[in-house]
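Data first, discussion second: the structure below is written as structure tokens.
Residue numbers (this note's numbering), protein chains in the order written: chain E, 1 to 384; chain A, 1 to 170.
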């Protein structure tokens, strides 16, 4: 089968690989119908996540048709069209039982700090991902969810990560009616976080980025204010001024390790890898939020150390919440929102790229070429 | 530069998930008494371990399910095995893993060549797309790289010149 093949930092290709096999009684094999490149794939693509081994297939956002099931799979049948949450979760461990499906303890032997994630390095379990014609889906009774009749597959594929992550960013922030919410990062997740902030009753939503076309997209899609930090004297100072010198009630970091905007962070975090990525966005979030405010982090950082202004967290009495989205927990509500027209996930998709051209897809997305917001890869076997 | 937000009440779904009890400054944990027993849940069936699986020393075992994407091998595998002697709290875990990744890249090229495949670096880096959508930027980068290289060669050759001169003077 054809699959994305990681060859090293900024080097990927589509290669012929062996078909995935059932390796556990709760496994399913799916024929991938849609798969995306995610902003967090770029951390792998750029070589920032440890234990990203040559030969891996990335891709944690995908939908597919069930081709084969293991002997203990009871919730799915061959032929079902499913959306597959990016977290691999057993449903039985202490964390899954609390709804923390993003923190499963039975899907990743390599690290205890993160659960298993499709196509996300061996630090997240060494599971091959969905940027392929076929994928192995462990714990098929837990994560995969049958796509409701009538739902567009383009909407469904964004329910595997982008929509739940953006929604959980807003949920973790505990937004109260009338709150001013600042989102750092106008990538797909940041835009979705801004859109979802309204669902929790935000009174004002501001998004900060440095790419004009993304800011324009965010203005239109999320109905929010959008500012280019390169045109501001200082983004934190700007937030203070525009909130009557108080600060935002909530700041959301939807950037993670690849943040631009601070030379020291860029050099130590992105270039020299002495930090787990550049912590610029989380710096700005901590410093721009009001005293007693909430900082919600969904931007992905690698392990293990980051230079963050923890003294300001203490002195300002902040609450910080952060997590990988627990997709399974959120899906029922989000499916309802999509079906009712409250959310329009597929509106984020700007590019449809054949899997064979995966290298160009990564380049377009990572270099922010051709006004790309969200690319979808279509495999030759997709069929739809 | 700025678009003032419309009246939020007019936005589809505004406030429909508002919940005054969702206040993260008072976190709630949904825990049962059994949860305090620690590593005590009924574990799923263990996936047969047919490849080498490195597991964190912060857990006693291999998780019930794991990926088999790229088992450790070669020199990078030796470095990875070393790294897994240290906990996730340690630089001696993560930095060797990053180093192993770089070694693994070279191993990947050697593996390609051994299989008679010459990696198409231009295509793998997606430069075709870069050329299509950002030709000017790409040419600027190439020109900048050429300039820096030329300058470096010039500076290095100037440094070495006086030595030759002083030797010949003797």
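All C-beta atoms, glycine included, are put in the ideal place defined by N, C-alpha and C.
Cβ neighbour criterion (16 or more within 10 Å) applied to residue i
i                     : result
residue 310 (chain E) : exposed
residue 264 (chain E) : exposed
residue 130 (chain A) : buried
residue 362 (chain E) : buried
residue 74 (chain E)  : exposed
residue 374 (chain E) : buried
residue 42 (chain A)  : exposed
residue 43 (chain E)  : buried
residue 27 (chain A)  : At residue 27 (chain A), the pLDDT of 46 sits below 50, so the modelled position is not reliable; the number obtained from the coordinates is stated separately. Looking at its Cβ environment, which holds fewer than 16 other Cβ atoms inside 10 Å, residue 27 (chain A) is exposed.
residue 26 (chain E)  : buried
residue 114 (chain A) : exposed
residue 70 (chain E)  : buried
residue 216 (chain A) : Nothing about residue 216 (chain A) can be reported from this structure: the residues present for chain A run from 1 to 170 only.
residue 231 (chain E) : exposed
residue 332 (chain E) : exposed
residue 149 (chain E) : exposed
residue 115 (chain E) : buried
residue 343 (chain E) : buried
Contact list for residue i against chain A, beta-carbon separation under 7 Å
i                     : result
residue 138 (chain E) : 65
residue 46 (chain E)  : Correct list: empty, because the minimum Cβ distance to chain A is about 11 Å.
residue 341 (chain E) : 12
residue 370 (chain E) : 133
residue 200 (chain E) : 17, 18
Residue i to residue j span [Cα, whole Å]
i                     : j                     : result
residue 233 (chain E) : residue 149 (chain A) : 34 Å
residue 166 (chain E) : residue 94 (chain A)  : 29 Å
residue 116 (chain A) : residue 151 (chain E) : 46 Å
residue 18 (chain E)  : residue 1 (chain E)   : 6 Å
residue 12 (chain A)  : residue 82 (chain A)  : 54 Å
residue 370 (chain E) : residue 94 (chain E)  : 45 Å
residue 258 (chain E) : residue 190 (chain E) : 14 Å
residue 274 (chain E) : residue 138 (chain E) : 34 Å
residue 102 (chain E) : residue 187 (chain E) : 21 Å
residue 294 (chain E) : residue 155 (chain E) : 30 Å
residue 112 (chain E) : residue 40 (chain A)  : 16 Å
residue 153 (chain E) : residue 237 (chain E) : 42 Å
residue 138 (chain A) : residue 127 (chain A) : 9 Å
residue 213 (chain E) : residue 78 (chain A)  : 46 Å
residue 135 (chain A) : residue 368 (chain E) : 14 Å
residue 12 (chain E)  : residue 210 (chain E) : 27 Å
residue 122 (chain E) : residue 159 (chain E) : 24 Å
Within chain A, partners of residue i - CB distance below 9 Å
i                     : result
residue 345 (chain E) : What residue 345 (chain E) touches in chain A: nothing, since even the nearest Cβ is about 13 Å away.
Within chain A, the residues that residue i reaches when beta carbons sit closer than 8 Å
i                     : result
residue 244 (chain E) : Simply none; closest approach about 16 Å.
residue 176 (chain E) : 18, 20, 23
Interface residues of chain E facing residue i [CB-CB closer than 7 Å]
i                    : result
residue 85 (chain A) : What residue 85 (chain A) touches in chain E: nothing, since even the nearest Cβ is about 13 Å away.
residue 53 (chain A) : 109
residue 98 (chain A) : 50, 273
Check: residue i C-beta below 7 Å from any heavy atom of the ligand SAM
i                    : result
residue 85 (chain E) : Although the ligand SAM was asked about, the structure shown includes no ligands whatsoever.
Distance between beta carbons of residue j and residue i, contact taken as under 8 Å
i                     : j                     : result
residue 203 (chain E) : residue 18 (chain A)  : In fact, because the Cβ distance is near 11 Å, the residues do not count as touching under 8 Å.
residue 253 (chain E) : residue 282 (chain E) : 5 Å
residue 215 (chain E) : residue 207 (chain E) : 7 Å
residue 98 (chain E)  : residue 20 (chain A)  : Residue 98 (chain E) to residue 20 (chain A), Cβ: 22 Å. No contact.
residue 71 (chain A)  : residue 103 (chain A) : Not really, about 15 Å apart at Cβ, beyond 8 Å.
Neighbouring residues, chain E, relative to residue i (Cβ below 8 Å)
i                     : result
residue 125 (chain A) : 10, 11, 359, 363
residue 88 (chain A)  : 111, 112, 113, 303, 304
Residues that residue i contacts on chain E, provided the C-beta gap is smaller than 9 Å
i                     : result
residue 105 (chain A) : 7, 8, 9, 11, 47, 54
Test: residue i CB closer than 8 Å to a CB of chain C
i                    : result
residue 60 (chain A) : The structure shown contains no chain C; its protein chains are E and A.
Problem set entry | Length at least 4, wholly inside the segment 304-343 of chain E: the alpha helix (DSSP H) runs in chain order | Runs found: 310-316, 327-339.
Exercise. Whole alpha helix (DSSP H) runs in the segment 98-154 of chain A with 4 or more residues, listed along the chain?
Worked result: You should have 121-124, 127-133.
Exercise. What are the uninterrupted segments assigned as beta strand (DSSP E) that are 3 or more residues long and contained completely in the segment 52-126 of chain E, given in chain order?
Worked result: Entirely contained in the segment 52-126 of chain E, the beta strand (DSSP E) runs reaching 3 residues are, in chain order, 62-69, 81-84.
For this session: Could I get the ranges of all uninterrupted alpha helix (DSSP H) runs contained in the segment 202-227 of chain E, with 4 residues as the minimum, in chain order?
Result: 212-222
Exercise. Mind pulling the beta strand (DSSP E) runs of 3 or more residues that sit fully within the segment 153-209 of chain E?
Worked result: 180-184, 204-209
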